[in-house]
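Enquirer: Questions regarding the structure given below will be posed in turn.
In the numbering used here, the protein residues as written are 9 to 131.
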């Protein structure tokens, strides 16, 4: 395993075109779906990161301006996809922990969530 992590800001300005939401969620709908998803998580750090994202729905901290992308839009799509599926939650949880430890900025959130979305969107 390599300890050489790529700076997520390398991708600034290029990621927004890789995501099209399947549905428009209100803030309250996002909270409901994301909190339900969070209940499936085991690791406290992952849960804390998700709670931070929910709290940040009232701020600009989920908005990746360089990619014109709201990371909570990608997260809620992930949550909706996972609901009722057999998608491996440990993979997703590990990625959320990486967001908390390596890239909690808006760009870090959107980059990692897009990676998760790309991995599961066709499951």
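We put the beta carbon where it would ideally sit given N, CA and C, even for glycine.
1) Taking 8 Å as the line, does the beta carbon of residue 86 fall inside it for any heavy atom of the ligand SAH?
2) Could you give the distance in angstroms between the alpha-carbon of residue 96 and the alpha-carbon of residue 67?
3) With distance defined between alpha-carbon atoms, name the residue in 119, 129, 101, 118 nearest to residue 52.
4) From what residue to what residue does the alpha helix (DSSP H) around residue 103 run?
5) Answer yes if the region 113-120 comes into contact with the region 71-90, meaning at least three C-beta pairs across the two stretches below 8 Å, and no otherwise.
Expert: On the basis of the data shown:
1) Although the ligand SAH was asked about, the structure shown includes no ligands whatsoever.
2) By 1-based counting over the chain shown, the position of residue 96 is 88. By 1-based counting over the chain shown, the position of residue 67 is 59. Cα to Cα, residue 96 sits roughly 30 Å from residue 67.
3) Taking the first residue of the chain shown as 1, we reach residue 52 at position 44. Nearest C-alpha to residue 52: 101.
4) By one-based count along the chain shown, residue 103 stands at place 95. 97-110 is the span of the alpha helix (DSSP H), which, as asked, contains residue 103.
5) yes
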